Amino acid sequence: MARTRAQAQAEKEGEPTSKPATKDPKPTAKKSKDGGAPAKGKALQTKDGTSTKAPKKRSTSKDEKAKRPAHKKQKTASPASKNSDRPAASKPAGSKIDNLIGEFGSVPLSDLGLKDAEKPTAETVLAHIYNALLSSGRIGHNIAHKTLQCLIDENYHDLESLKESTWERRTEVLTDGGYTHYREKTATFLGDLAQLIEDKYDGDAAKFLPGQDEAKTPQEAQKVLEKRLKEIKGLGPLGVEIFLGTIQTVYPGVAPYIGKRDMGAAKEMGLGTVQGIWDAVGKDNLRMGQLCAALTKVRLEGRTAGIK
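Counting from 114, one number per residue, gives the positions in the sequence shown under our numbering.
Structure representation (structure tokens):
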């Protein structure tokens, strides 16, 4: 083939007739099928078609692992260790109930000198009505109890003695107990109570308590009693709660019963439900009444938080 004039001219000037060779291209990693990094141990392919192997990750020997600092080896805490800082479980409710009864739960009205404090006689029932009437007033419970003792000492738990008393004398007895703020009004209430028992219950306070033909269950007995107690002048809802809580010691028909205020104290101390407490005292109406007395005492004295 004849040379062109341009080629001949280039030879004279000393220029090369072909392009200089390019540098060797850098190896390009061959991507995996999914477009990610090349798989371990796979060959890397360059642009000119040559291939090189990808460097392998250096494995760590057992000796090297052993030489690593100890703080890198962390163990997961076991469930037992996680719970070790939690507070201990609270004392069982049964133990608290036993402690309450043992320390604060005297039998209601047992210290008044009543002849049959644990029997539902007319005198005992009337004494429980007095207790509810006096304790539900806006006055200290110690004054209420002292005044109750004065009424018993005056033999007012005998209906005939109450009926024969004058308004003035009843006022004096209430004053002796420290019940001065409400003495006139309460003296009138006592006279009205005597008349109610005489007219509606044949002079027998024990007839306030419903018979088996009037109430088949404790709940029914409580409702019957609540209705009858509301007829007593000066006795409100709190007085009804107090009466039901104490009378169950001598009248099992209403047990188990705990008033709203005392139940609030029981929940604060973690004693559970009324039924649970009833089971804990062995379904014993006397112990249930003692517990109510204990709950009332610690509640009024503000000692619920210290019960263990």
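Glycine included, C-beta positions come from ideal geometry on N, C-alpha and C.
None of these values were measured; they are calculated from a predicted model.
1) What would DSSP say about residue 382, mapped onto helix, strand or coil?
2) Strictly under 9 Å for the Cβ-Cβ distance: is residue 220 near chain C by that measure?
3) Can you tell me which of the three DSSP states residue 414 falls into?
4) Decide if residue 335 is buried, meaning its Cβ has at least 16 other Cβ atoms within 10 Å, or exposed.
5) Which one of 236, 318, 268 and 348 has the shortest CA to CA distance from residue 247?
6) Report the rounded CA-to-CA distance for residue 262 versus residue 234, giving the unit in angstroms.
7) Would you say residue 250 and residue 292 are within 9 Å of each other, going by their C-beta atoms?
8) CB of residue 273 to nearest heavy atom of the ligand NAD: below 8 Å?
9) Using the C-alpha atoms, what's the distance from residue 359 back to residue 392?
10) Helix, strand or coil: which one does DSSP assign to residue 226?
11) For residue 413, which residues of its own chain have a beta-carbon under 7 Å away from its beta-carbon, when the five flanking residues on both sides are left out?
12) Return yes when the Cβ of residue 369 is within less than 9 Å of the Cβ of residue 91, no when it is not.
13) For residue 199, count the other beta carbons within 10 Å of its own beta carbon; 16 or more makes it buried, fewer makes it exposed. Which is it?
14) Among 354, 418 and 357, which residue has its Cα nearest to the Cα of residue 384?
15) Can you check which of these residues, 265, 282, 232 and 380, is closest to residue 363 by C-alpha distance?
16) Closest by CA to residue 241, which one among 282, 381, 221 and 407?
Here's the rundown:
1) In the structure shown, the three-state DSSP call for residue 382 is coil.
2) As a matter of chain content, chain C is missing from the structure shown, which is built from one protein chain.
3) Residue 414 sits in coil when the DSSP states are folded into three classes, being neither helix nor strand.
4) It is buried - the Cβ of residue 335 has at least 16 other Cβ atoms within 10 Å.
5) It is 348 whose Cα lies nearest to the Cα of residue 247.
6) Cα-Cα distance, rounded: 18 Å.
7) The Cβ-Cβ distance between residue 250 and residue 292 falls below 9 Å.
8) The ligand NAD is absent from the structure shown, which contains no ligand whatsoever.
9) Taken atom to atom, the span from the alpha-carbon of residue 392 to that of residue 359 is near 18 Å.
10) Note: residue 226 maps to coil in three-state DSSP.
11) Only 254 meet the Cβ criterion.
12) Here the chain covers residues 114 to 421 and nothing more, so residue 91 does not appear.
13) Only weak support is given to the placement of residue 199: the predicted model assigns it a pLDDT of 36, under 50, and the value that follows is read from those uncertain coordinates. Burial call: exposed.
14) That would be 418, whose Cα lies nearest to the Cα of residue 384.
15) Among 265, 282, 232 and 380, the Cα nearest to that of residue 363 belongs to 232.
16) Looking from the CA of residue 241, the closest CA among 282, 381, 221 and 407 belongs to 221.
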